[in-house]
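Remarks on the structure that follows.
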Amino acid sequence: MQWINLLLLAGSATSLTLRSSSFTPSLSSSFSPPTTTLHSPTPSTTPSTTPPLTMKIFDWKRREADESAITNVEIPYTLSTLMPAPGSVHRRKRKGRGIAAGQGASCGFGMRGQKSRSGKPSRPGFEGGQTPLYRRLPKFVGKPMGPGHRRKVYNVIKTGELNGAAEGDIVRFETLLATGKVTKSKYPIHKVVVGKEEFKGKGITVQAHAFTKGAREAIEGGGGICQVLSRTTGSVIEAPVA
């Protein structure tokens with residue numbers, strides 16, 4: 090039995106060897122790529138007939154116009170030579186003249202909704218119910234015109250406080266403070282206004298940073314002079330006209 094098994098194993102090994110030796114893959118191929126020669130481009134000696142690139146002028150009134158005077162950099166710009174850029178001026182868009190024009194029927198406002206109806210759809214500043222911008226911004230006390238606005242706040246001097254001055258005296262806040270007519274000043278600049286007490290001064294020179302119209306008329310009506318002082322230096326900047 091052992092001899093028979095050995096013979097069978099030897100025969101199967103021989104058949105596998107023959108089968109593996111009979112398969113020989115071919116490494117050669119019949120495909121050969123086409124041979125192409127690269128040609129270097131030769132410069133063309135013939136002049137090109139392609140026109141130079143130019144900007145298209147959409148305004149038909151300027152296509153044939155002579156604009157040599159405008160393009161000349163040596164000529165300065167004047168009101169007579171200023172013209173709009175080519176293509177910047179368009180004709181008026183005609184709405185509601187048929188659907189073929191592109192803006193007919195609904196005229197670009199859509200078919201439904203509040204903004205497509207006639208009349209004013211909403212008030213200026215309305216944002217659909219949410220808090221609008223003019224209410225979202227913070228409020229600045231004393232600045233009614235916004236953050237960049239500066240209001241001039243003056244210390245008030247009433248005309249009745251000038252009655253104790255003699256004729257020819259120069260009256261200003263410092264002299265009134267020294268005589269006890271006024272006791273304090275909250276602001277560094279002063280303005281003369283008309284008070285409840287009647288003004289009786291004659292021929293005095295009043296110096297302040299501002300005067301109301303009524304106070305100026307009362308002082309000048311009594312033969313006095315109003316001189317406006319600078320807010321920074323305190324010197325007289327408006328001398329009386331002789």
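For the sequence shown, position 157 (counting from the first letter as 1) is numbered 246 according to the numbering used here, and the numbering increases by one without interruption. Positions of the beta carbon are idealized from the N, C-alpha and C atoms, including for glycine.
Could you check what DSSP says for residue i in three-state terms: helix, strand or coil?
i	result
residue 251	helix
residue 118	Below a pLDDT of 50, predicted positions are generally treated as unreliable, and residue 118, at 46, falls in that range; no measurement from the model is reported.
residue 262	helix
residue 204	helix
residue 188	helix
residue 112	With a pLDDT of only 45 at residue 112, under the threshold of 50, the placement of this residue in the model should not be trusted; the figure read from the coordinates follows. In the structure shown, residue 112 sits in coil (DSSP, three-state: anything other than H, G, I, E or B).
Span of the alpha helix (DSSP H) holding residue i?
i	result
residue 241	Segment: none, residue 241 is in no alpha helix (DSSP H) and carries neither H nor E.
residue 297	Taken as a continuous stretch (DSSP letters only), residue 297 belongs to no alpha helix (DSSP H), being part of the beta strand (DSSP E) at 294 to 297.
residue 302	302 to 310
residue 222	222 to 225
In whole angstroms, what separates the C-alpha of residue i from that of residue j?
i	j	result
residue 223	residue 272	43 Å
residue 186	residue 198	14 Å
residue 178	residue 172	10 Å
residue 243	residue 298	8 Å
residue 314	residue 251	13 Å
residue 200	residue 210	14 Å
residue 279	residue 220	42 Å
residue 253	residue 268	9 Å
residue 255	residue 240	35 Å
residue 196	residue 215	23 Å
residue 217	residue 188	31 Å
residue 213	residue 181	26 Å
residue 165	residue 207	49 Å
residue 202	residue 194	15 Å
residue 157	residue 320	57 Å
residue 160	residue 153	15 Å
residue 275	residue 301	19 Å
residue 162	residue 190	41 Å
residue 277	residue 263	11 Å
residue 303	residue 170	53 Å
Over what stretch of residues does the beta strand (DSSP E) that includes residue i continue unbroken?
i	result
residue 318	314 to 318
residue 279	279 to 282
When the distance is taken between beta carbons, is residue j closer than 9 Å to residue i?
i	j	result
residue 192	residue 204	no
residue 310	residue 289	no
residue 305	residue 325	no
residue 258	residue 308	no
residue 316	residue 283	no
residue 265	residue 246	yes
residue 318	residue 261	yes
residue 286	residue 323	no
Compare the C-beta of residue i with all C-beta atoms of chain D and state if any pair is closer than 9 Å.
i	result
residue 268	The structure shown contains no chain D, having only a single protein chain.
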